[in-house]
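Peer 1: One structure, as C-alpha cells, below. Some questions next.
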Amino acid sequence: MIRKFLLPILLAAPLWMLAQENYCGTVQTDSDLAWLREWQASYNGSGTRGSDLIYVPLKVHIVGNDEGGGRLTLRTLYTDICNLNEQFAPTGFYFYIFGDIDYINNSDYYEHDWLAGAYMFAENNVTNLVNIYFVGDPAGNCGYFSPSGNAIAVANSCAGTSNTTIAHELGHFFSLPHTFYGWEFGLPDIDDQEQVDGDNCTTAADGFCDTPPDYLPERWSCFTLPVFTDPDGVEFSPDETLYMSYSSDECQNRFSEEQQEAMIDNINGPRAGLLTWEPISVADVESAELLSPEDNITNLFSNYTELSWSSVENALGYELIVSLTPTFTAISANIFTTDTTVILTELAPEKTYRWKVRVIAEGNTCEDYTEYRTFSTGAETLANDLTDLESDGWMVFPNPVAAGSGLMVKAENTWQSGDLLQVFNNGGQLIWQEQPGVGAQQHMIATNNWPTGMYLVRMTMDGLVSSSPVFVQ
Ligand SMILES: [Zn+2]
C-alpha cells in the first residue's frame, strides 16, 4: 500500500519497500540510537538485571473509524498482553493495561499516513506510559514505533494470536534497532556489513555481539533460509529466532541476552518515567460461573437477551464474548463490564448463539474462559420499549420470560419504604416477595427453578396494589 511519505529519509527507500505492506515502519536515525551506542560502548558483558519483575504500564488506545467500526476486539487485546508477557519473561518485563482503554473514533487515524499518525500521538499520548495504538492501517505497515511521536502503532490484522509484531515494536521502544540495521535503505558500506567472525560486531549493524549478521530487510520465512556471504567471504544464514529480525512471526521466539540487558538499562535510564507509578499486584482469580439463562434455552428475544454470571472475588471486571459459532470466530458481541449481567439488544432473530465469560483481574488478562453455553433467539421481539411504561406506571419484562432468566420490574416513580413486590403462581400461592430498594426504579426478580406457566407479579406502591401477568417459558 503506497502512502504519502513525508520524511525525506523514506524517499531513499528501495521500491520493493513501497510496493507492499511493510512489516515494520520504524525509522531510527543515528541520533535515535545515541543512547544505545553509548550503552554498547560501556557494556562489559554483564548486565544489571535483578530478580524482581519490572512492571511496565501500557496505555492502550483502540482506534476505530468515525463510526467506531473496525476496532480491535478485547479478546485479541487481552490475549496479546498475555503473549507479550511470555515473550518478555526472560527480560523480566511484565506489561499491564494502565487504567481504562482509550477508545478513539477517527477514520483519519484508523487508516493513517505518517502525518496523521503524528497528530494522533500528539493528541492522545499520556506521559510516562507506553502508548500503543491499535489501528486498521498504520501507514502501510504491520506496525511501527515512532521515535518523534514516542508511541507505537500496530495494525489490527498483525495483532492476532501468536503475533510477534508488538514485541518487536516494544523492542524499538526500548532502544533496540533491527538486527539488519543499515540494510533498510540498500547496501551499506563494507565496514557496516557485520562479519560472521564478530570482528566488527560492536560497530556494525545493531551493535550487539550476540546477534549474528543479518542482511535481510524484508519479510522471510524460517523454512526457506537464504544464504548470504559476509565481507570475508563466509557464508551464513540470519538468525530467524530474534524478534528484531524480519523473519515470520512463527520463527521468532527471543531477544538476545545483550538486547535484554539493554532494554533493562533503558527502562531504568531514559525510560524510568514508566516506573514512577504505584506497583500493581497481579491478582489470581477464580473462574466465573454462568448463571442464566440455562444452557440450550430457546426462543429468547433478539432485542432483549439477558446474560448473567457469578461475581468473582478480586475481579476488576469480566469479558463477555458472544458468537454464532462454537469456535467463537464470528463474534457478535465482545465487551468488558464490571457488572455480572449484560442485556443484549441487537442480536439477530432465529439464530443460535454461544456465550462465555472470563474474569479480568489487576495485571491479569490471562484467565481461561468459562465453558460456553448456547441459546437461541426466536422470531418474536420484545414489543415494549423500556421507556414505554404501562398506564399504571410500571411494567414487567421481558414477557414472556425464559425460565431461569431475570425478570425486570421497572417503575415510573421511585420506590419508598413499605413498598412491596410479590409473585404468585397460577394456583394463587405466594412464591416470592421482596421490598424493592428505597429510591430505586427497577428491581430484578430471579426466576430460577420456576416451572413453566403463568404467574402474577403484584406491586404495592404507596398503598396502592396493581398486578401484571407474566408467562415463564
Ligand atoms: Zn522494526
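Residue -7 is where the sequence shown starts when you use our numbering, and the numbers rise one by one after that.
Don't be surprised by glycine CBs; every beta carbon is placed ideally from N, CA and C.
Less than 7 Å separating the beta-carbons of residue 83 and residue 255?
Peer 2: Yes, they are a contact pair.
Peer 1: Beta strand (DSSP E) containing residue 96: first to last residue?
Peer 2: Taken as a continuous stretch (DSSP letters only), the beta strand (DSSP E) holding residue 96 covers 94 to 97.
Peer 1: Count the other CB atoms, across all protein chains shown, that sit within 10 Å of the CB of residue 95; report buried if there are 16 or more and exposed otherwise.
Peer 2: Classification of residue 95: exposed, given that the 10 Å Cβ count is below 16.
Peer 1: Look at residue 53 and residue 136 and say whether their C-beta atoms are less than 7 Å apart.
Peer 2: No; because the gap between Cβ atoms is not below 7 Å, this pair is not in contact.
Peer 1: Using the three-state DSSP reduction, which class does residue 221 fall into: helix, strand or coil?
Peer 2: The answer is strand: DSSP assigns residue 221 an E or B state.
Peer 1: Is the beta carbon of residue 86 less than 7 Å from the beta carbon of residue 25?
Peer 2: Not a contact, by the Cβ cut-off of 7 Å.
Peer 1: On a Cα-Cα basis, can you pick out the residue from 346, 307 and 306 that is closest to residue 320?
Peer 2: The candidate whose alpha carbon is nearest that of residue 320 is 346.
Peer 1: Going by Cα to Cα distance, which pick from 213, 194, 464 and 98 is closest to residue 28?
Peer 2: The option with the nearest alpha carbon to residue 28 is 194.
Peer 1: Ordered along the chain, which non-local residues of its own chain (more than five positions away) have a Cβ less than 6 Å from that of residue 459?
Peer 2: So the list reads 448 and 450, once near-sequence residues are dropped.
Peer 1: Quick one: is residue 414 near chain B, going by C-beta distance under 7 Å?
Peer 2: Although the question refers to chain B, the structure presented lacks it and comprises just one protein chain.
Peer 1: Short of 6 Å in beta carbon distance, which residues of its chain neighbour residue 454, apart from the five on each side in sequence? Order them along the chain.
Peer 2: The answer is none, since no qualifying residue turns up.
Peer 1: Rounded to the nearest angstrom, how far is the Cβ of residue 230 from that of residue 207, given a contact under 8 Å?
Peer 2: Residue 230 to residue 207, Cβ: 7 Å. Contact.
Peer 1: Is any non-hydrogen atom of ligand 1 found closer than 6 Å to the C-beta of residue 16, if you look at the structure I gave you?
Peer 2: Checking the Cβ of residue 16 against ligand 1 gives yes.
Peer 1: Got a sec? Which residues, its chain only, sit under 7 Å from residue 324 by beta carbon, not counting five neighbours each side?
Peer 2: Excluding sequence neighbours, residue 324 sits near 314, 315, 316, 339 and 345.
Peer 1: Residues in the same chain with beta-carbon distance under 7 Å from residue 117, minus the five sequence neighbours each way, listed in chain order, please.
Peer 2: Once the five neighbours on either side are set aside, the close Cβ partners of residue 117 are 123, 142 and 143.
Peer 1: Is the Cβ-Cβ distance between residue 304 and residue 274 less than 7 Å?
Peer 2: Contact: no.
Peer 1: Kindly give me the distance between the Cβ atoms of residue 398 and residue 418, rounded to whole angstroms, as I take these residues to be in contact under 8 Å.
Peer 2: That pair is no contact at about 20 Å.
Peer 1: I'd like to know whether the C-beta atoms of residue 282 and residue 333 end up nearer to each other than 7 Å.
Peer 2: No, Cβ-Cβ distance for residue 282 and residue 333 is not below 7 Å.
Peer 1: Evaluate contact between the region 195 to 206 and the region 177 to 187, counting only Cβ atoms and requiring at least three cross-stretch pairs below 8 Å.
Peer 2: Enough Cβ pairs lie closer than 8 Å, so yes.
Peer 1: Would you kindly work out how many angstroms separate the C-alpha atoms of residue 312 and residue 330, rounded to a whole number?
Peer 2: Approximately 11 Å, taken between the alpha carbons.
Peer 1: When the Cα atoms are used, what is the spatial distance from residue 51 to residue 154?
Peer 2: Using only the alpha carbons, I get a separation of about 21 Å.
Peer 1: Is the beta carbon of residue 218 sitting closer than 7 Å to the one on residue 47?
Peer 2: Not a contact, by the Cβ cut-off of 7 Å.
Peer 1: Here's the rule I'm using: 16 or more other beta-carbon atoms within 10 Å means buried, otherwise exposed. How should residue 113 be labelled?
Peer 2: Buried, because 16 or more other Cβ atoms sit within 10 Å of the Cβ of residue 113.
Peer 1: What are the start and end residues of each continuous alpha helix (DSSP H) run of 4 or more residues lying completely inside the region 175 to 243, in chain order?
Peer 2: Complete alpha helix (DSSP H) runs here, min 4: none at all.
Peer 1: Can you tell me whether residue 72 is buried or exposed, with buried defined as 16 or more other CB within 10 angstroms of its CB?
Peer 2: With 16 or more Cβ atoms within 10 Å of its Cβ, residue 72 is classed as buried.
Peer 1: Reducing DSSP to helix, strand and coil, say where residue 36 ends up.
Peer 2: Correct three-state label for residue 36: coil.
Peer 1: Kindly indicate which residue of 64, 390, 177 and 235 has the alpha-carbon position closest to the one of residue 212.
Peer 2: Measuring from the Cα of residue 212, the nearest candidate turns out to be 235.
Peer 1: From the DSSP output, which residues share a beta bridge with residue 402?
Peer 2: According to DSSP, residue 402 bridges with 387 and 434.
Peer 1: Relative to the C-alpha of residue 517, which candidate in 109, 66 and 104 has its C-alpha closest?
Peer 2: Because residue 517 is not part of the residues shown, which for the chain are -7 to 465, the question remains open.
Peer 1: Ends of the beta strand (DSSP E) at residue 16?
Peer 2: Start and end: 14 to 16.
Peer 1: For residue 225 and residue 191, I'd like the C-alpha separation in whole angstroms.
Peer 2: Distance between the alpha carbons of residue 225 and residue 191 is about 14 Å.
Peer 1: Residues in the same chain with beta-carbon distance under 7 Å from residue 101, minus the five sequence neighbours each way, listed in chain order, please.
Peer 2: Answer for residue 101: 55, 108, 112 and 127, listed in chain order.
Peer 1: When the Cα atoms are used, what is the spatial distance from residue 385 to residue 291?
Peer 2: Roughly 28 Å separates the two Cα atoms.
Peer 1: Compare the C-alpha of residue 468 against each of 463, 436 and 452 and name the closest.
Peer 2: No statement about residue 468 is possible, as the shown extent of the chain runs from -7 to 465 and does not include it.
Peer 1: How big is the Cα-Cα spacing for residue 286 and residue 366?
Peer 2: Approximately 8 Å, taken between the alpha carbons.
Peer 1: Quick check on the burial criterion: 16 or more other C-beta atoms within 10 angstroms. Buried or exposed for residue 162?
Peer 2: Residue 162 comes out buried.
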